[in-house]
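**Q** Using our numbering, read the sequence shown as starting at -19 and increasing by one per residue.
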Amino acid sequence: MQIFGVDIGGSGIKGAPVDLERGDLAEERFKVLTPHPATPDSVADGVKEVVEHFGWTGPVGLTFPGVVTGGAMIRTAANVDKSWIDTDARALFSDRLGGHDVTVVNDADAAGVAEMNFGAGRDRRGTVILLTFGTGIGSAVFVDGALVPNTELGHLELNGHDAEKRASSKVKEDNDMTWEHWARRVQKYLAHVEMLFSPELFIIGGGVSRKSDKFLHLIEGIKAEMVPAQLQNNAGIVGAAMRAAKHG
């Protein structure tokens, strides 16, 4: 069975049909740049371009970089235009896609669901936290495999700032940090999250996960096991499709 998944991020909108039996992309993903400003209308146009690239006509699952309630309503918009707040994203995208059945989910939650079913969190019990390092920091918290939705741990305070303003991969790039310098910031952030939640496992996701060999070994003093996301930056697409299949 295939369902289309779209991952909306602060820098790119990417999507592909997903093979739900394998938990992997059925075709090579297609990506467009996230418009700036990332308003509802402009992002919806980008999503339409991605979906129409494949000629897709069935259900579509989409991620969103913020709190999503009821598979539709946007409650926060830290890394996109603030006009998203209180938007019915399901209605917006369904209309723009010509009436497609649409489901919307928090981006990190989608990535976490994919990793727990097909990746690094498979068959893991206890408390597992996936963290996506990208334009911001997304989080997905699982207790014995059950998702606690919309945790948004990237907005925990770290040194007087939102953690994602100190330790996202965008911060590393914008400030031309060495891997060592950035790893120290990530270490402080992980220590803070660990103090609050005492997880058995951290899964490190987002685009930077494909470079985990450059920084994971530099992080010290964390008691939880730390592993890179196995689905890497495709996890959001897979998780979005999984959510659409569940709620379709």
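For each residue, glycine too, the CB sits at the ideal point set by N, CA and C.
Using only the alpha-carbon positions, how far apart do G116 and S149 sit?
**A** 7 Å
**Q** Rounding to the nearest angstrom, what Cα-Cα distance links N59 and K11 in this structure?
**A** 18 Å
**Q** In the structure shown, what three-state DSSP assignment does D21 receive?
**A** helix
**Q** Once the 5 residues before and after A225 are set aside, which same chain residues still bring their CB inside 8 Å of it?
**A** M(-19), I(-17), L0, P39 and G41
**Q** For P179, does the count of other Cβ atoms within 10 angstroms reach 16, so buried, or fall short, so exposed?
**A** buried
**Q** Flag this pair as yes or no: are the beta carbons of K28 and I217 separated by less than 8 Å?
**A** no
**Q** Do V121 and T131 have their beta-carbon atoms positioned less than 8 Å apart in this structure?
**A** yes
**Q** I need the DSSP call for V121, collapsed to helix, strand or coil.
**A** strand
**Q** Taking I(-12) and V23 to be in contact with their CB atoms under 8 Å, please state how far apart those CB atoms are, rounded to whole angstroms.
**A** 6 Å
**Q** By how many angstroms is the C-alpha of D89 removed from the C-alpha of G78?
**A** 26 Å
**Q** Quick one: what does DSSP say G187 is sitting in, helix, strand or coil?
**A** helix
**Q** Please look up how many angstroms separate the CB atoms of F195 and I109, rounded, as I've assumed it's under 8 Å.
**A** Wrong, their Cβ atoms sit about 17 Å apart, outside the cutoff.
**Q** With a threshold of 8 Å, are at least 3 pairs of Cβ atoms found where one atom belongs to the region 162 to 169 and the other to the region 137 to 147?
**A** yes
**Q** Consult DSSP for F(-16) and reduce its assignment to one of helix, strand or coil.
**A** strand
**Q** Is A24 close to chain B, meaning its C-beta is less than 8 Å from at least one C-beta of that chain?
**A** Included in the structure is just one protein chain, with no chain B present.
**Q** List the whole-angstrom C-beta distance separating A220 from T37, where the pair is believed to meet the contact cut-off of C-beta under 8 Å.
**A** Contact doesn't hold; Cβ gap of about 17 Å is too wide.
**Q** What residue range is occupied by the uninterrupted alpha helix (DSSP H) comprising M175?
**A** M175 -> alpha helix (DSSP H) spans W159 to F177.
**Q** In whole angstroms, what separates the C-alpha of A100 from that of G26?
**A** 30 Å
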